[in-house]
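Structure first, then comments.
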Amino acid sequence: MSISSLASFGTALRTKGGYWVSVSSQVFSSSPVNLRSEVTETPGWLTGASKEVFPGSGLRNFTRRNQRQWGNRDSNLTAKPAPRRALALSMQEKEASPHGFLPRFQHFATQAIHVGQEPEQWTSQAVVPPISLSTTFKQGAPGQHSGFEYSRSGNPTRNCLEKAVAALDGAKYSLAFASGLAATVTITHLLKAGDQIICMDDVYGGTNRYFRQVATEFGLKISFVDCSKPKLLEAAITPETKLVWIETPTNPSLKMIDIEACAHTVHKHGDIILVVDNTFMSAYFQRPLSLGADICMYSATKYMNGHSDVVMGLVSLNSESLHDRLRFLQNSLGAVPSPIDCYLCNRGLKTLQVRMEKHFENGMAVAQFLESNPQVEKVIYPDMDGGEIMSYEWMNLAL
1 MSISSLASFG TALRTKGGYW VSVSSQVFSS SPVNLRSEVT ETPGWLTGAS
51 KEVFPGSGLR NFTRRNQRQW GNRDSNLTAK PAPRRALALS MQEKEASPHG
101 FLPRFQHFAT QAIHVGQEPE QWTSQAVVPP ISLSTTFKQG APGQHSGFEY
151 SRSGNPTRNC LEKAVAALDG AKYSLAFASG LAATVTITHL LKAGDQIICM
201 DDVYGGTNRY FRQVATEFGL KISFVDCSKP KLLEAAITPE TKLVWIETPT
251 NPSLKMIDIE ACAHTVHKHG DIILVVDNTF MSAYFQRPLS LGADICMYSA
301 TKYMNGHSDV VMGLVSLNSE SLHDRLRFLQ NSLGAVPSPI DCYLCNRGLK
351 TLQVRMEKHF ENGMAVAQFL ESNPQVEKVI YPDMDGGEIM SYEWMNLAL
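Residue numbers for the sequence shown, in the UniProt record's numbering: 1 to 399.
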């Protein structure tokens with residue numbers, strides 16, 4: 001999942017008794033007021049930005065990156081553009097956080113509500129995509145269908161979800177799977193026995209278990225490396241390396257990884273695939289593909305769906321050849337989600353922006369509260385003053 005996620009996820013802490021605890025901001029989301037009342041001081045960047053600037057396009061904060069991608073704001077503003085352009089720039093400047101957060105991804109909430117769900121695609125003109133439970137579809141003749149033939153190969157409800165997710169990720173393609181691990185397994189089927197996978201040494205437990213205990217049984221070579229250090233990643237790459245797998249921030253210790261630096265290192269060596277598990281960040285806070293990743297994947301079970309009633313995986317990408325191979329595997333391996341799950345996840349996306357903004361606010365309130373508690377030795381959380389994560393300067397949080 002990837003750094004680049006921010007207050008939506010959890011806070012890891014260690015008490016003076018020596019115990020490590022992972023605290024999810026969702027646990028406190030129902031009563032953030034009580035926590036907030038005990039925080040003696042709310043950081044200025046939160047009070048000044050939380051209600052206006054939630055990085056809906058990524059919490060990326062590097063000043064050098066802002067200048068590279070957005071140019072020098074001051075020079076842009078003094079260029080005397082046309083009135084409408086000047087207004088747009090003024091609004092963008094107003095939304096920008098003094099701490100380097102980029103403005104929201106444009107039209108994110110609108111895309112989540114409408115992309116892939118146009119009423120014109122249905123004869124009923126339904127504004128909410130119907131749940132298509134049919135397993136088979138009418139054909140004019142053998143092999144002559146109107147876009148759908150068998151629900152494992154393609155389903156109207158699943159298509160709506162995949163189009164919406166692709167738009168939110170800034171991707172050309174998206175594919176839905178029965179779980180996050182189903183997506184992981186399908187991705188690794190792009191490889192063959194003898195190929196090497198380099199995996200971040202701090203990853204989701206299910207990913208770790210699959211790589212260590214299952215993938216190795218099928219002849220894949222797995223190396224666990226601290227990919228937050230580009231030199232270690234570089235040293236681990238061999239002629240057999242075909243895939244690099246990272247999360248940022250990592251689960252559970254919230255290590256930050258510079259996706260762009262990883263992409264630069266990986267792609268120097270040819271056709272190695274860089275996969276970023278973006279579960280912690282969600283599409284609202286980070287778009288790994290724009291930072292050089294080849295594949296962005298999610299356990300949609302978490303924030304993308306957001307209601308603890310769906311198990312699902314999602315994969316987004318821009319490469320047509322990779323998409324064609326993964327779509328073939330999606331159909332051939334058969335780990336596809338049900339139409340009902342696709343409907344529920346699609347509905348969850350409609351509130352992704354407001355949910356992630358609240359997680360951001362609550363997560364920081366929890367971290368501030370814990371940091372002020374003398375019984376807590378250390379709070380590990382992005383952007384906490386004095387925290388070790390600050391050394392990465394919010395590396396990727398990019399939108």
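Where is the CB? At the ideal position from N, CA and C, for every residue including glycine. Only a predicted model underlies this, so the values are computations on that prediction, with no experimental measurement involved.
Cβ neighbours of residue i in the same chain (closer than 6 Å, five flanking residues each side left out)
{"i": "His189", "result": "Leu329"}
{"i": "Pro32", "result": "Confidence at Pro32 is low in this model, with a pLDDT of 34, below 50, so its placement is unreliable and the value that follows should be read with caution. Around Pro32: Asn362 and Ala365."}
{"i": "His269", "result": "Ile237"}
{"i": "Arg355", "result": "Gly306"}
Buried or exposed (CB count within 10 angstroms, at least 16 for buried), residue i
{"i": "Gly348", "result": "buried"}
{"i": "Thr110", "result": "exposed"}
{"i": "Tyr150", "result": "exposed"}
{"i": "Glu240", "result": "exposed"}
{"i": "Asn346", "result": "buried"}
{"i": "Val276", "result": "buried"}
{"i": "Glu357", "result": "buried"}
{"i": "Ala235", "result": "exposed"}
{"i": "Val128", "result": "exposed"}
{"i": "Gln121", "result": "exposed"}
{"i": "Gln375", "result": "exposed"}
{"i": "His307", "result": "exposed"}
{"i": "Asp271", "result": "exposed"}
{"i": "Gly313", "result": "buried"}
{"i": "Ser372", "result": "exposed"}
{"i": "Pro249", "result": "buried"}
Sheet register partners of residue i (DSSP bridge)
{"i": "Trp122", "result": "DSSP, once it has assigned bridges, lists no residue as partnering Trp122."}
{"i": "Ala313", "result": "The displayed chain sequence assigns Gly, not Ala, to residue 313. Partner(s): Phe177 and Ser299."}
{"i": "Thr136", "result": "Tyr150"}
{"i": "Phe328", "result": "Its beta-bridge partners do not exist; DSSP assigns none."}
{"i": "Val225", "result": "Met200"}
Cβ shell of residue i (< 8 Å), same chain only, five flanking positions each side left out
{"i": "His145", "result": "Phe137, Lys138 and Gln139"}
{"i": "Arg322", "result": "Here residue 322 is Leu; the residue named in the question, Arg, does not match the sequence. Closer than 8 Å at the Cβ level, and outside the excluded window around Leu322, lie Leu190, Ile273, Asp294 and Ile295."}
{"i": "Asn159", "result": "Gly116"}
{"i": "Ala126", "result": "Pro119"}
Beta-carbon contacts of residue i that lie in its chain and below 7 Å, excluding the five residues immediately before and after
{"i": "Ile131", "result": "Thr157, Pro339, Ile340 and Tyr343"}
{"i": "Asp201", "result": "Phe224, Val225 and Asp226"}
{"i": "Gln213", "result": "none"}
{"i": "Ala170", "result": "The amino acid at residue 170 is misidentified as Ala; the sequence shows Gly. Counting only Cβ-Cβ distances below 7 Å, and skipping sequence neighbours, we find Arg287, Leu289 and Ser290."}
{"i": "Ala112", "result": "Ala164, Leu168, Leu349, Lys350, Leu352 and Gln353"}
{"i": "Thr186", "result": "Phe177, Leu326, Leu329, Gln330, Leu333 and Ala335"}
{"i": "Lys172", "result": "Ala166 and Asn318"}
{"i": "Ile222", "result": "Ile197, Cys199, Phe211, Arg212, Ala215 and Thr216"}
{"i": "Val266", "result": "Val244, Ile272 and Leu274"}
Three-state secondary structure (DSSP) of residue i
{"i": "His264", "result": "helix"}
{"i": "Ala176", "result": "strand"}
{"i": "Ser50", "result": "Reliability fails at Ser50, whose pLDDT of 36 lies under 50, so the model's placement of it is uncertain and the value that follows must be treated cautiously. Coil, per DSSP."}
{"i": "Glu247", "result": "strand"}
{"i": "Gln144", "result": "strand"}
{"i": "Val276", "result": "strand"}
{"i": "Gln196", "result": "strand"}
{"i": "Val336", "result": "coil"}
{"i": "Ser372", "result": "coil"}
{"i": "Thr184", "result": "helix"}
{"i": "Thr238", "result": "coil"}
{"i": "Val128", "result": "coil"}
{"i": "Phe285", "result": "helix"}
{"i": "Lys350", "result": "coil"}
{"i": "Gln213", "result": "helix"}
{"i": "Pro252", "result": "coil"}
{"i": "Ala105", "result": "It is worth fixing the name first, because residue 105 is Phe in this sequence and not Ala. Three-state DSSP puts Phe105 in coil, outside helix and strand."}
{"i": "Ser319", "result": "coil"}
{"i": "Val115", "result": "coil"}
{"i": "Asp341", "result": "helix"}
{"i": "Ser308", "result": "coil"}
{"i": "Ala293", "result": "coil"}
{"i": "Ile259", "result": "helix"}
{"i": "Asn208", "result": "helix"}
{"i": "Gly270", "result": "coil"}
{"i": "residue 402", "result": "An answer regarding residue 402 cannot be provided, because it is not within the stretch 1 to 399 covered by the chain."}
{"i": "Ala164", "result": "helix"}
Beta-carbon proximity check, residue i vs residue j, cutoff 7 Å
{"i": "Leu175", "j": "Val310", "result": "no"}
{"i": "Ile197", "j": "Leu181", "result": "no"}
{"i": "Gln353", "j": "Tyr298", "result": "no"}
{"i": "Lys242", "j": "Asp195", "result": "yes"}
{"i": "Thr279", "j": "Lys255", "result": "no"}
{"i": "Val193", "j": "Pro230", "result": "For clarity, residue 193 is Ala in the given sequence; the question names Val instead. Taking 7 Å as the Cβ cut-off, Ala193 and Pro230 do not qualify as a contacting pair."}
{"i": "Cys199", "j": "Phe218", "result": "no"}
{"i": "Ser282", "j": "Ile257", "result": "no"}
Below-7 Å beta-carbon distance, residue i vs any chain D residue
{"i": "Asn208", "result": "Going by chain labels, chain D is absent from the structure shown, which holds only one protein chain."}
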